[in-house]
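Notes follow once the structure below has been shown.
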Amino acid sequence: MARTPDSTDLVRAFLLDLSCTLDLARTIKNLDITTESAREILGSLVPAPQSSGSAASSSAVSHSEAYSLVASDATADIDATEVEDGDTATCTAGAPSATGLYTAFVDGASRGNPGLAGAGVFILGPDAKPYKRLKKFLGSATNNVAEYSALIAALESALRFGICRLRVRADSELVVKQVNGLYRVKSPDLKPLYEHVMELAAKFDSFEIAHVRREGNAEADQLANEAIDTRPDLS
0 MARTPDSTDL
10 VRAFLLDLSC
20 TLDLARTIKN
30 LDITTESARE
40 ILGSLVPAPQ
50 SSGSAASSSA
60 VSHSEAYSLV
70 ASDATADIDA
80 TEVEDGDTAT
90 CTAGAPSATG
100 LYTAFVDGAS
110 RGNPGLAGAG
120 VFILGPDAKP
130 YKRLKKFLGS
140 ATNNVAEYSA
150 LIAALESALR
160 FGICRLRVRA
170 DSELVVKQVN
180 GLYRVKSPDL
190 KPLYEHVMEL
200 AAKFDSFEIA
210 HVRREGNAEA
220 DQLANEAIDT
230 RPDLS
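143 is the number that numbering that gives the first Met the number 0 gives to position 144 of the sequence shown; each next residue is one higher, with no gaps.
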């Protein structure tokens, strides 16, 4: 009688599948083929753009999408810049960046909760190549405030760049489910941040936010911690 697969077998199969996915992604990057060709080869590894007029489902992004960063050459020579403060506008229809679908990975870091905090934003262009790397030192903040601040920084920056279609990936399940209306916002510290996010999201032609596993958000996490390490008062 054949043995019924147990949890160990399933984990082993998942890890093997993940290893193969990463190897294929690295091969695609080294071959320097187009994103469309990558989709034909790997199917869901580099997902086809999907637009939405409102916040999308908060279900976790598959490991294939999370690791599409590997095929996108996340180590491209794009310097991290500080997030600009100031007024934002609605997306501009005539802007070069208005028609494509951009993807922003966001993360907040807090050392102490509350403690020194930073926000990181990593934006991919419609071609799945790195577009912007942004960071911002937040002073003292909790983890959740830092996560919301990173999302706000991404939305404000995207509007400033003339982006009209944006999908966001965040590893904070709380933020994703609150923005998607699945969780109520009870914290008085988070409520104004949530309201600001919703105001900004309404300015895009299409916007969605979904959860990504922490390991698929490494670039934004690095930028958030970099913002703390290079804070202005660091001697």
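The C-beta atom is built at its ideal place from N, Cα and C for all residues, glycine as well.
Just so we're clear, the structure is a prediction, and the values are computed from it rather than from any experiment.
Close CB contacts of R166 within its chain, under the 6 angstroms cut and outside five residues either way in sequence, are with T102 and E207 (chain order). If the five residues before and after K131 are omitted, its C-beta is found closer than 6 angstroms to the C-beta atoms of I122, all from its own chain and listed in chain order. In terms of CA proximity to V120, A79 leads the group T141, A97, A127 and A79.
Between the alpha carbons of L133 and P191 lies a gap of roughly 23 angstroms. Per the DSSP secondary-structure output, I122 pairs in a beta bridge with A103 and K131. Distances from the CA of R230 to each of D106, L100, T98 and L115 were compared; the closest alpha carbon is that of L115. For the pair A149 and G107, the CB atoms are nearer than the 8 angstroms cut-off.
Going by DSSP, S205 is part of the beta strand (DSSP E) stretching over S205 to H210.
Contact between E81 and K135 is confirmed by a C-beta separation of about 6 angstroms, below the 8 angstroms threshold.
In this chain, L189 is not harboured by any alpha helix (DSSP H), its DSSP state being neither H nor E. Restricting attention to I162, V174 and L158, the CA atom closest to the CA of V144 is found in V174.
Boundaries for A149: no beta strand (DSSP E) harbours it, while the alpha helix (DSSP H) harbouring it runs N142 to R159, taken from the DSSP string.
Here the alpha carbons of A226 and K128 stand approximately 23 angstroms from one another. Residue environment for G111: exposed (fewer than 16 other C-beta atoms within 10 angstroms of its C-beta). Our two residues, V178 and L199, have alpha carbons roughly 12 angstroms apart in a direct line.
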